[in-house]
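What follows is one structure encoded as structure tokens, with my remarks underneath.
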Amino acid sequence: MEVIHKIGRRKTAVARAYVSAGSGNITINKKDLANYFTTATLQYKVKQPLVLTNNDSNFDITVNVYGGGITGQAEAVRLALSRAMCEVDAENRLTLKPEGLLTRDPRMVERKKFGQKKARKKFQFSKR
């Protein structure tokens, strides 16, 4: 099996995942999964597409991720891995699609507008 390359995005985070046949090692930015994503919730999010398709010990995964925060990065990695699992076997799509793992979350931060304090908040009005 050759190396499968897929991209996942979330907010401003971009993850590039390289999936190859192996024993289940997950490396993110040259660190082990447990060292990069320290909380159990984030580790669960990253492993979710692998567990649902019963491939958690079949592939070696290398991920380069940058931008955004830690949660956005974890969800970007999850999308990239979900797309890779679909390329490995088309049957996996039937498992991942109902869970919502193949949908790119389009929500982005709204820009700050001129003449306002934030994106929607206005400056406080005072009568003097």
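Per this note's numbering, residue 1097 is the first one in the sequence shown, and the count goes up by one each step.
All residues carry an ideal CB built from backbone N, CA and C; glycine is no exception.
The structure presented is a predicted model; accordingly, all values stated were derived computationally and were not measured.
Start-to-end residues for the beta strand (DSSP E) that takes in residue i
i, result
"Arg1105", "1100-1106"
"Arg1112", "1109-1117"
Start-to-end residues for the alpha helix (DSSP H) that takes in residue i
i, result
"Ala1172", "1166-1184"
"Leu1198", "Unbroken run through Leu1198: none, as it is neither H nor E."
"Asn1188", "1188-1192"
Assigned secondary structure, residue i (DSSP; H/G/I helix, E/B strand, else coil)
i, result
"Asn1151", "coil"
"Val1205", "coil"
"Lys1127", "strand"
"Thr1137", "helix"
CA nearest to the CA of residue i, picked from the options
i, options, result
"Lys1184", "Ile1122, Lys1223, Asn1151, Ile1166", "Checking the sequence shown, residue 1184 turns out to be Val, not Lys. Closest by alpha carbon: Asn1151."
"Phe1155", "Lys1218, Ala1109, Gly1211, Ser1116", "Ser1116"
"Val1110", "Lys1209, Ile1166, Phe1210", "Ile1166"
"Ile1122", "Lys1193, Val1161, Lys1107", "Val1161"
"Arg1112", "Ala1186, Phe1210, Val1099", "Val1099"
"Glu1118", "Gln1139, Ser1153, Thr1137", "Looking at the sequence shown, residue 1118 is not Glu but Gly. Out of Gln1139, Ser1153, Thr1137, Ser1153 has the C-alpha closest to the C-alpha of Gly1118."
Residue environment, residue i, which counts as buried when at least 16 other CB atoms sit within 10 Å
i, result
"Met1181", "buried"
"Arg1179", "buried"
"Gln1169", "buried"
"Val1159", "buried"
"Glu1171", "buried"
"Asn1125", "exposed"
"Thr1149", "buried"
"Leu1192", "buried"
> How about the region 1100-1114 and the region 1175-1189: do they share at least three Cβ pairs that are nearer than 8 angstroms?
Replying inline: yes
>> Three or more C-beta pairs under 8 angstroms: does that hold for the region 1186-1202 against the region 1128-1139?
In response: Judged by Cβ distances under 8 angstroms, the region 1186-1202 makes no contact with the region 1128-1139, as fewer than three pairs qualify.
>> Using 8 angstroms as the cut-off, can you tell me whether the region 1142-1152 makes contact with the region 1200-1220, which would need three or more C-beta pairs spanning the two stretches below that distance?
In response: Segments in contact, no.
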